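To start, the structure under review is shown below, and the notes come after it.
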Amino acid sequence: MEPEIENHYGSDDLEQKIWNALTLAGKDPDSLELKDLSLIDQLHTGGHMATQHLGEKSGLVPGNRILDAGCGIGGSSRLLGKRFNCQVTGLDLVESFVRVARMLTRATDLENKVRFKQGDVCRMPFGDEQFDVIFCQHTLMNIPNKVAAFMEFARVLKPGGRLILHEVVQGEKEKIHLPVPWADTHKISFLQTGKNLGDMLADAGFTPGFVVDATEQAKQWWQRVKAVLPPKEGIQRPLGPHIIFGDNSLQFGQTMTANLEEDRIRLVEALMIKD
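For the sequence shown, our numbering begins at 8 and goes up steadily by one.
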């Protein structure tokens, strides 16, 4: 399954694509601000404001050691490091994402706060009790063995550590419209209901701090995305989700809005505490 997921996200020339797009957009690829990257590195539901809101709501404080599990090209890792003055380690399965994450972190002068490793959240390359916080944002949809992931989360968290979840979960109807950001085939989409996830987390030794159904906010966000995405024959801006996802991204506004409106998916925000 790992090669199929890597093929969905990976790109041999992603670094060059992003470098060229930044140049076309009038940015200096060697000297960037976080806001310069938001159209390519904050593609989860709610964008950078959702990441910041969850960090504030979950009580992040300076000096926290954070694991960003499934970090992609590192947008949330960089935001958490800079906004909350934390030490962040981003972990992602896709090697090209990790290379790009390191490149963009150098360009934003955040290497003293943020670093990246390539690896699988079900077999993490970290010792026990290394982190105060795990940030898991739009990651679980691609993980078939969530029990293994949650056991690993518990292992690397310190006692009383926090797991922050911002995840798409299964709705009432099981089959989703494709493509979506995490899958262009049903073979790599592994949604579970919020209840099932809660039961697995309890079995792994986590207690809820808060659990919020954020589906209505997600509907509004994706409706706005749908309104601004160009048509297939339209002219794309240099920077945008097409850099990461290709032409499939032009359909995300339509498919994600339909999935949310038809209760095929929901969005959950949660804080879980390691017992």
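Note that the Cβ used here is the ideal one computed from N, Cα and C, for glycine as well.
Being a predicted model, the structure only gives us computed values, none of them experimental.
Alpha carbon to alpha carbon, what distance is there between residue j and residue i?
i, j, result
"P188", "P166", "34 Å"
"H249", "V68", "34 Å"
"N71", "Q94", "6 Å"
"E136", "H55", "28 Å"
"A155", "M207", "10 Å"
"M131", "E159", "7 Å"
"F133", "W26", "31 Å"
"T58", "T52", "9 Å"
"D254", "Q261", "13 Å"
"I150", "F197", "6 Å"
"G77", "T222", "21 Å"
"T192", "P186", "7 Å"
"Q224", "R273", "10 Å"
"L117", "R85", "7 Å"
"L50", "M279", "24 Å"
"I141", "L164", "7 Å"
"L7", "K180", "With the chain covering only 8 through 282, there is no way to say anything about residue 7."
"M263", "A161", "31 Å"
"S256", "K194", "19 Å"
"D220", "R113", "36 Å"
"P10", "R109", "22 Å"
"M148", "D37", "33 Å"
When the Cα of residue i is compared with those of the options, which residue comes out closest?
i, options, result
"A127", "H60, V101, E118 and I141", "One point to set straight first is that residue 127 is Asp, not Ala, in the sequence displayed. Per the Cα distances, V101."
"K64", "E22, V107, M263 and V218", "V218"
"P215", "I171, W228 and Q224", "I171"
"T200", "D270, Q261, N92 and G247", "D270"
"Q227", "K194, G247 and A265", "A265"
"R244", "G17, K233 and L29", "L29"
"N14", "V275, S83 and I251", "I251"
"V107", "V275, S18 and A209", "S18"
My understanding is that residue i touches residue j, with C-beta atoms under 8 Å, so please give their C-beta distance in whole angstroms.
i, j, result
"D139", "I73", "7 Å"
"K281", "G168", "5 Å"
"C129", "N152", "6 Å"
Suppose contacts are defined by Cβ-Cβ distances below 8 Å. Is residue i in contact with residue j by that definition?
i, j, result
"L87", "D75", "yes"
"F259", "A211", "no"
"H145", "V175", "yes"
"D48", "L98", "no"
"L41", "K89", "yes"
"S103", "L21", "yes"
"L204", "W229", "no"
"G79", "L44", "no"
Cβ pair count under 8 Å reaching 3, the stretch 115–127 against the stretch 23–33: Flag = no, the stretch 115–127 and the stretch 23–33 do not touch.
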